[in-house]
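J.: Residues in the sequence shown are numbered consecutively from -2, following my numbering. A virtual CB, placed ideally from N, CA and C, is assigned to each residue, including glycine.
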Amino acid sequence: MRLDLDNLPSEPALLRHLVRDMAAVVEHWDGEIERLKSIIRQLQRSQFGRGSEWVDPDPLALASSPAIIFFADGRRPKPSGTSACHSSLSSSLFSCL
């Protein structure tokens, strides 16, 4: 609602009521602005904060650990034999290339 500043009421009671209504609207929007700022800070922390720069200290841990594989029916696949390269993966990843 737009307020016609050229036609304000001259009665003090109406002016007080108008000011109270305006103060309530301002208070509401101040609270909304603070809520949105809080959401923005939280999103910025999650995207740009220390946690977003987390790096796994051992990126080859999955490659060097034995994998446990199961079929959908619960059976395990039969081993097809492992080469010397496959068994020594944790010691030297690139020695067999």
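Run through DSSP, which three-state label would Ser92 get?
T.: Interpretation of Ser92 is limited by its pLDDT of 46, a score under 50 that renders its predicted location unreliable; the figure taken from the coordinates is listed afterwards. Three-state result, Ser92: coil.
J.: What three-state label does DSSP hand Arg47 in the structure shown?
T.: Helix, per DSSP.
J.: Taking the alpha-carbon positions, what's the Pro6 to Ala21 distance?
T.: Whole-angstrom Cα-Cα distance: 19 Å.
J.: Taking C-alpha atoms, which residue in Gly46, Gly28, Asp18 and Glu8 lies nearest to Arg(-1)?
T.: Selected option, being the one with the closest Cα: Asp18.
J.: Using a Cβ-Cβ cutoff of less than 7 Å, which residues in the same chain neighbour Glu8 once the five nearest sequence positions on both sides are dropped?
T.: So no residue of the chain qualifies.
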